[in-house]
Amino acid sequence: MTNELNDSYDVVVFGGGAAGLSGALMLARARRSVAVIDAGSPRNAPAAGVHGLLGHDGISPDELLARGRSEVRSYGGHVVPGEVSSAVRDGDGDFRVELADGRSVRARRLLVASGLVDELPDVAGLRDRWGRDVVHCPYCHGWEVRDQAIGILASGPMSVHQALLFRQWSSDVTFFRHTMAAPSGEDVEKLAARGIRVVDGEVVALEVAEDRLAGLRISGGSLVRLDALAVASRMVAGGGFLAGLGLNTVEHPAGVGEHLPTDAAGRTEVPGVWAAGNVTDLTAQVGAAAAAGAAAAAQINADLISEETQDAVAALRNPLPVPVATAR
Ligand SMILES: Cc1cc2nc3c(=O)[nH]c(=O)nc-3n(C[C@H](O)[C@H](O)[C@H](O)COP(=O)(O)OP(=O)(O)OC[C@H]3O[C@@H](n4cnc5c(N)ncnc54)[C@H](O)[C@@H]3O)c2cc1C
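End of the sequence shown = 770 in the working numbering, gap-free, step of one.
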């Protein structure tokens, strides 16, 4: 990455994952000056490959984003390593963005594409295996763990749903109740009907052998053998910079985390600020995040065109007086 950062841009993008880079690519191709500020921690970094992305299935997350950065730069866009620490609207209507390293930059519009953080259950050994044999999304990893012994660690309101989903990829699925209430009513029936065993007791640790998940240790000492474990993380979007803009994340209606609400076009409630990708759509995969970034970018470009046209019409109606040369 280069460090080149001008004083001001048409658009500054917060985050250089699939959403931010895709938005920046559209804007750079629309002949807008654009800078992406990226802290460099995309959500899927622990995974070996990006799956289900047409034309790129299995590409490493690093490689996909390296290609994206190079595409943005090839049209004159800037992609800069750094962390946005605050952003405010100045008196002239533009935004002033401060980076954690002390630099600052101005922008006419902002695209927030800073992703989310996966909060994982506090079970010994779990975080180390995240994105490898501890997974969350069957569309990202289901094929890779097909026909294996898959456990579901209950951790939220969607855990029964997650167990029923993973059952599509394997007939050997076990639901670990862990610290959650026992499934009730129809859920008990659904799990039983699909042949999903329910194990009671708190899971205290993951057992690992030869750098592979071997099973789950339950309080009391018993071990249940497993090849893969699915966990529903709590997905939390946010960032200290939101407050200065007057934006707040809210609890997602499905109870699975916190997100930044937008309208269908990615517009936040603050004029001039758009958002795309996981920061607003917690369930977006890479393709959906990239598509949302591109769609928001087109809206931002249209908004700038509208402002520029309005200014041009005002100038046409009220031309500035031409200075008259005075005789000596
Ligand atoms: C383990 C795992 C595996 C996955 N596998 C797949 C898969 O196989 N296929 C698939 O389609 N999807 C997969 N996903 C989902 C995928 O990660 C997301 O769809 C995608 O990352 C969303 O892109 P994004 O641009 O919204 O966010 P991100 O990719 O998370 O990018 C956000 C970027 O913003 C940066 N950032 C955050 N805060 C700031 C700040 N203040 N200033 C500057 N930069 C900031 C971050 O460092 C990061 O680089 C997986 C997810 C996980 C957790």
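Even for Gly, the Cβ is constructed at its ideal location relative to N, Cα and C.
Bear in mind the structure is a predicted one, so any value in this text is a computation, not a measurement.
The three-state secondary structure of residue 512, taken from DSSP, is helix. It is roughly 28 Å from the alpha-carbon of residue 445 to the alpha-carbon of residue 533. The criterion of a C-beta distance shorter than 9 Å is not satisfied by residue 645 and residue 606. By the CB criterion at 9 Å, residue 463 and residue 716 fall outside the cutoff.
Distance check between residue 485 and each of 713, 621, 556, 547 places 556 closest, using alpha-carbon atoms only. For residue 603, the enclosing alpha helix (DSSP H) covers residues 601 to 608.
Taking residue 495 as the centre and dropping the five residues before and after it, the same chain places the C-beta of 501, 506, 727, 728, 729 closer than 8 Å to its C-beta, in chain order. Residue 585 sits in a helix when the DSSP states are folded into three classes. Along the length of the region 653 to 741, whole alpha helix (DSSP H) runs at least 4 residues long occupy 683 to 687, reported in chain order. Non-local C-beta neighbours of residue 669 in its own chain, meaning closer than 6 Å and more than five positions away in sequence, comprise 590, 591, ordered along the chain.
When the beta-carbon positions are compared, residue 602 and residue 633 come within less than 9 Å of each other. Counting only residues of its own chain and dropping the five nearest sequence neighbours on each side, residue 722 has a CB closer than 6 Å to the CB of 701, 702, 704. Taking 4 residues as the shortest admissible run, the region 480 to 558 contains the following complete alpha helix (DSSP H) segments, listed from N- to C-terminal end: 503 to 516.
Per DSSP, the continuous beta strand (DSSP E) segment holding residue 453 begins and ends at 450 to 456.
Remark: the C-beta of residue 694 is outside contact range of ligand 1, defined as less than 8 Å to any heavy atom.
The region 468 to 480 makes contact with the region 505 to 521: 3 or more CB pairs, one atom from each, lie closer than 8 Å.
Counted as a single uninterrupted DSSP element, the beta strand (DSSP E) harbouring residue 648 occupies residues 645 to 651. Residue burial annotation: residue 659 is buried, with at least 16 other C-beta atoms found within 10 angstroms of its C-beta. Judged by their CB atoms, residue 593 and residue 489 are not nearer to each other than the 9 Å cut-off. A straight line joining the alpha-carbon of residue 608 with that of residue 449 spans about 49 Å.
Between ligand 1 and the CB of residue 451, the shortest heavy atom gap is not smaller than 8 Å. Residue 585 counts as exposed, since fewer than 16 other beta carbons sit within 10 angstroms of its beta carbon.
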